[in-house]
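Colleague: The structure is given below, and queries will be raised subsequently.
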Amino acid sequence: MTLSFNSLGLSEARIRHLEAMEFTVPTAIQAQAIPHLLCGRDVVGQAQTGTGKTAAFALPILDRIDVKLPAVQALILTPTRELAMQVGQAIRGFIDDRRLKVVTIYGGQAIDQQISRLERGAQIVVGTPGRVLDLLSRGDLKLDQLSWMVLDEADEMLNMGFIQDVEKILNQAPIERQTAFFSATMEPSVRKLVTKFLRSPITVTIEQPKTAPTRINQVAYMIPRGWTKARALQPILELEDPEAALIFVRTRKAAAELTSQLQAAGHSVDEYHGDLSQSQRERLLLRFRQRQVRWVVATDIAARGIHVDDLTHVINYDLPDSVENYVHRIGRTGRAGKEGTAISLVHSLDRRKLRDIEYHMRQRLEIVSIPTRAQIEARQIDKLQGQIREALVGERMASFLPIVAQLSEEYEPHAIAAAALQMAYDQTRPTWMRSNQDHVDEPPAYSGGGNGGGGNGGGSSKPKPVKRGKSVGSAGNQVSPSLDR
DNA sequence: AAAAAAC
């Protein structure tokens, strides 16, 4: 049976607004948490990443909030500034009443603007603990009218480093309030803390708590002994050729270093961590979301909640410190029903961590070894062939025919096509690979350029004729002879 | 031990 928002107890106006946004079917966490929240119960909500937890707590709050009362009635805390921004934006998207205001408050930004927005009267505040406490002590934020308190990424908020601030904030909120904790993960030791802050909470758990969405293809690359991760990463990136990837490292320093290395190799990549200024952080996220940067090297600042459309890969260059963070990191991909790939680089010293992850995920990771040059080239040629087939049936191809006509006065059509392919193939490889072979561990069989030769043996066959129009199936993995090993 | 979070 398919549930609708109608049966959850939300108001007609809310449902009409949701339908206008093309939200018609609630997710499991929404279907189960919303009725309890509407009844006034405290809730602990646990569901996989990317299953609409924000709406699960925001919709009932919006339904019950007093729009005529210009006082803060709901406070939502998040562990990072960008997450606060994102949650604030999401809630604004659910609002159709101009009287209702959401203010986002976090550090690293001018406080005056945030104060004046609060003064103009906001019913909902989303923020990070430090700045919330700051504004509370200045008296610019008052919680005396607070009815709802939500911890997003609750287990992280109850961790050392956050718990003290969170406790201070909770202590300044009225006892007569509704509290909700939401996260994809909830370690048993953390779960015990929950009873300290919630009153007879209902726990809503969707599916097996520790498992990741199945549409995420999880792979572990074993690093050969004596190899550095940096050396192993290069061929992996070449094979996967990720369109949009988040590469996780353990420290800020490592993020800066790996970014420089990848940039020097000609990749479109930038760094994201707490050493950057707030404006740098926000600008980077914007560029990443707009596809102006293909890859981002980040610390666990990006592990939780951050949403980037169609992220194709999450790469654990360093394995995370906790299994929980593994779940959150890989949850950045495979969102909204899309597929995603999660790659972990595993050194022999990391074997134990890998076992822990597999145990907690209740599933094995696919173990693969570092791709060879031949595998990389085969994959690249495969991709090129696919692109050619697409171009052959596309509309724009016709506009290039005059060029072919002109060139065929001097050259054979096959030669023209092959030269065009060579150009296209070179485009798929980073610049340093074409010119300077020093960095290559395993030199490519086909030594760059168009100087003919290069083939080290390998039964070189007669050039295959280039097919006109649609091809026959069997051409599958056939590699163009000049590129053959 | 590191990361995040206030000035």
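Going by the UniProt record's numbering, the first residue of the first sequence is number 1, and it counts up by one from there.
Heads up, the beta-carbon is just placed ideally off N, CA and C, and yes, glycines get one too.
(1) Go ahead and label MET397 buried or exposed: buried means 16 or more other beta carbons lie within 10 angstroms of its beta carbon, across all protein chains shown.
(2) For ALA58, which residues of its own chain have a beta-carbon under 6 Å away from its beta-carbon, when the five flanking residues on both sides are left out?
(3) Only counting the same chain, and skipping five residues up and downstream in sequence, which positions put a Cβ closer than 6 Å to that of SER4?
(4) For TRP148, I'd like the list of residues in its chain whose CB is within less than 6 Å of its CB, leaving aside the five on either flank, ordered along the chain.
(5) Pop quiz: ARG329 and PHE400 are said to be a contact at Cβ under 8 Å. What is the actual Cβ separation, rounded to whole angstroms?
(6) Given this structure, state the Cα-to-Cα distance separating residue 489 from TYR326, to the nearest angstrom.
(7) Check the C-beta distance from ALA255 over to ALA298 and give it rounded, since I have them as a contact under 8 Å.
(8) For LEU193, which residues from the same chain have a beta carbon less than 7 Å from its beta carbon, with the 5 sequence-adjacent residues on both sides left out?
(9) Name the DSSP bridge partner or partners of ASP152?
(10) Identify the residues that DSSP records as bridge partners of ALA303: which are they?
(11) When the Cα atoms are used, what is the spatial distance from GLU201 to ARG351?
(12) Give me the Cα-Cα distance between ALA391 and ALA415, rounded to the nearest whole angstrom.
(13) Between the region 133-143 and the region 101-114, can you find at least three pairs of beta-carbon atoms closer than 8 Å?
(14) If you reduce the DSSP assignment to three classes, tell me which class TYR272 lands in.
(15) Secondary structure at SER447, three-state DSSP: helix, strand or coil?
(16) Looking at the strands, I want to know which residues DSSP matches up with GLY340.
(17) How is the beta strand (DSSP E) around PHE248 delimited, first residue to last?
(18) Under a three-way DSSP split, which group does GLY93 fall into?
(19) Would you kindly check if the distance between the Cβ of VAL269 and the Cβ of PHE288 is under 8 Å?
(20) Could you tell me the distance, in whole angstroms, from the CA atom of ALA56 to the CA atom of ARG199?
(21) Specify whether the region 341-350 and the region 268-283 touch according to this definition: at least 3 beta carbon pairs, one from each stretch, less than 8 Å apart.
(22) In chain order, what residues of the same chain lie with their CB nearer than 6 Å to the CB of GLY9, ignoring the 5 residues before and after it?
(23) Between VAL368 and the rest of its own chain, which residues show a CB-CB distance below 8 Å, the 5 nearest in sequence each way excluded?
(24) In chain order, what residues of the same chain lie with their CB nearer than 7 Å to the CB of ILE301, ignoring the 5 residues before and after it?
(25) Can you give me the C-alpha to C-alpha distance between ILE15 and GLY337, rounded to a whole angstrom?
(26) Please classify ALA47: is it buried, with 16 or more other beta-carbons within 10 angstroms of its beta-carbon, or exposed?
(27) Quick check on this structure: which residue in ALA173, LEU151, PRO174 has the alpha carbon closest to the alpha carbon of ILE163?
(28) What are the start and end residues of each continuous alpha helix (DSSP H) run of 4 or more residues lying completely inside the region 309-355, in chain order?
(29) Just the C-alpha distance for LYS68 and LYS253, rounded to the nearest angstrom, thanks.
(30) Ignore the nearest five residues each way along the sequence and tell me which others in GLU238's own chain have a CB closer than 6 Å to its CB.
(31) Just checking my contact of ILE115 with ILE236 at CB under 8 Å: how many whole Å lie between their CB atoms?
(32) From residue 486 to ILE175, what distance separates their C-alpha atoms?
(33) Could you work out which residue in ALA244, ILE315, GLY226 is closest to GLN292 when comparing CA atoms only?
(34) ALA28 and ILE206 - do their beta-carbons sit closer together than 8 Å?
(35) Could you tell me which uninterrupted alpha helix (DSSP H) segments, each at least 4 residues in length, are contained entirely in the region 15-91, listed from first to last along the chain?
Modeller: This is what the structure holds:
(1) Mapped onto the first sequence, residue 397 falls at position 397. Its Cβ having fewer than 16 others within 10 Å, MET397 is exposed.
(2) On the first sequence, position 58 is the one that residue 58 refers to. Here the set comprises ILE91, PHE94.
(3) Counting from 1 along the first sequence, the entry for residue 4 is found at position 4. Once the five neighbours on either side are set aside, SER4 has no close Cβ partner at all.
(4) Counted from its first residue, the first sequence places residue 148 at position 148. Taken in chain order, the residues that qualify are ILE61, ALA74, GLN178.
(5) Along the first sequence, one-based indexing puts residue 329 at 329. Along the first sequence, one-based indexing puts residue 400 at 400. With 8 Å as the limit, ARG329 and PHE400 do not qualify as a contact, their Cβ atoms being about 43 Å apart.
(6) Since the displayed the chain opens at 1 and closes at 485, residue 489 lies outside it and no answer follows.
(7) Walking along the first sequence from the start, residue 255 turns up at place 255. Walking along the first sequence from the start, residue 298 turns up at place 298. Indeed they touch by this definition, with Cβ atoms about 6 Å apart.
(8) Within the first sequence, numbered from 1, the residue matching residue 193 stands at position 193. The residues are LEU158.
(9) Working through the first sequence from its first residue, we reach residue 152 at position 152. BP columns for ASP152 point to PHE182.
(10) In the first sequence, the residue the question calls residue 303 occupies position 303. DSSP, once it has assigned bridges, lists no residue as partnering ALA303.
(11) Locating residue 201 in the first sequence gives position 201, where the first residue counts as 1. Locating residue 351 in the first sequence gives position 351, where the first residue counts as 1. Glu is not the amino acid found at residue 201; the sequence shown has Pro there. When rounded, the distance between both Cα atoms is 38 Å.
(12) For the purposes of this step, residue 391 is identified with residue 391 of the first sequence, where counting begins at 1. For the purposes of this step, residue 415 is identified with residue 415 of the first sequence, where counting begins at 1. Near 18 Å, if we compare the C-alpha coordinates of ALA415 and ALA391.
(13) yes
(14) Counting from 1 along the first sequence, the entry for residue 272 is found at position 272. The answer is strand: DSSP assigns TYR272 an E or B state.
(15) As a working note, residue 447 is residue 447 in the first sequence. Model confidence at SER447 stands at a pLDDT of 30, short of 50, so the residue's coordinates are unreliable and nothing is read from them.
(16) Within the first sequence, the letter at position 340 stands for residue 340. Looking at the DSSP assignment, GLY340 forms a beta bridge with ILE216.
(17) Numbered from 1 along the first sequence, position 248 holds the residue referred to as residue 248. Per DSSP, PHE248 belongs to the beta strand (DSSP E) from 245-248.
(18) Within the first sequence, numbered from 1, the residue matching residue 93 stands at position 93. DSSP places GLY93 in helix when its eight states are reduced to three.
(19) Counted from its first residue, the first sequence places residue 288 at position 288. Counted from its first residue, the first sequence places residue 269 at position 269. No, the pair does not count as a contact, with Cβ atoms beyond the cut-off.
(20) Numbered from 1 along the first sequence, position 56 holds the residue referred to as residue 56. Numbered from 1 along the first sequence, position 199 holds the residue referred to as residue 199. Each residue's alpha carbon lies about 19 Å from the other.
(21) no
(22) Position 9 of the first sequence, counted from the start, is the residue given in the question as residue 9. So the qualifying residues of the chain are PRO35, LEU38.
(23) Working through the first sequence from its first residue, we reach residue 368 at position 368. Correct list, in chain order: VAL219, ALA220, TYR221, MET222.
(24) By one-based count along the first sequence, residue 301 stands at place 301. Result list for ILE301: THR80, TYR272, HIS273, GLY274, in chain order.
(25) Your numbering for residue 15 matches position 15 in the first sequence. Your numbering for residue 337 matches position 337 in the first sequence. C-alpha separation (whole angstroms): 23 Å.
(26) Reading the first sequence from its first residue, position 47 is the one you call residue 47. Buried, because 16 or more other Cβ atoms sit within 10 Å of the Cβ of ALA47.
(27) Taking the first sequence and counting its residues from 1, one reaches residue 163 at position 163. The candidate whose alpha carbon is nearest that of ILE163 is LEU151.
(28) 323-330
(29) Here residue 68 refers to the residue found at position 68 when the first sequence is read from its first residue. Here residue 253 refers to the residue found at position 253 when the first sequence is read from its first residue. Cα to Cα, the separation comes out at about 49 Å.
(30) Taking the first residue of the first sequence as position 1, residue 238 is located at position 238. Counting only Cβ-Cβ distances below 6 Å, and skipping sequence neighbours, we find ILE376.
(31) Indexing the first sequence from 1 puts residue 115 at position 115. Indexing the first sequence from 1 puts residue 236 at position 236. Actually they do not touch by this definition, with Cβ atoms about 48 Å apart.
(32) This structure gives no information on residue 486, because the portion of the chain shown stretches from 1 to 485.
(33) Along the first sequence, read from residue 1 onward, the residue named residue 292 stands at position 292. Checking every option, the nearest Cα to that of GLN292 belongs to ALA244.
(34) Along the first sequence, read from residue 1 onward, the residue named residue 206 stands at position 206. Along the first sequence, read from residue 1 onward, the residue named residue 28 stands at position 28. Against a cut-off of 8 Å, the Cβ pair of ALA28 and ILE206 comes out as a contact.
(35) 28-38, 53-64
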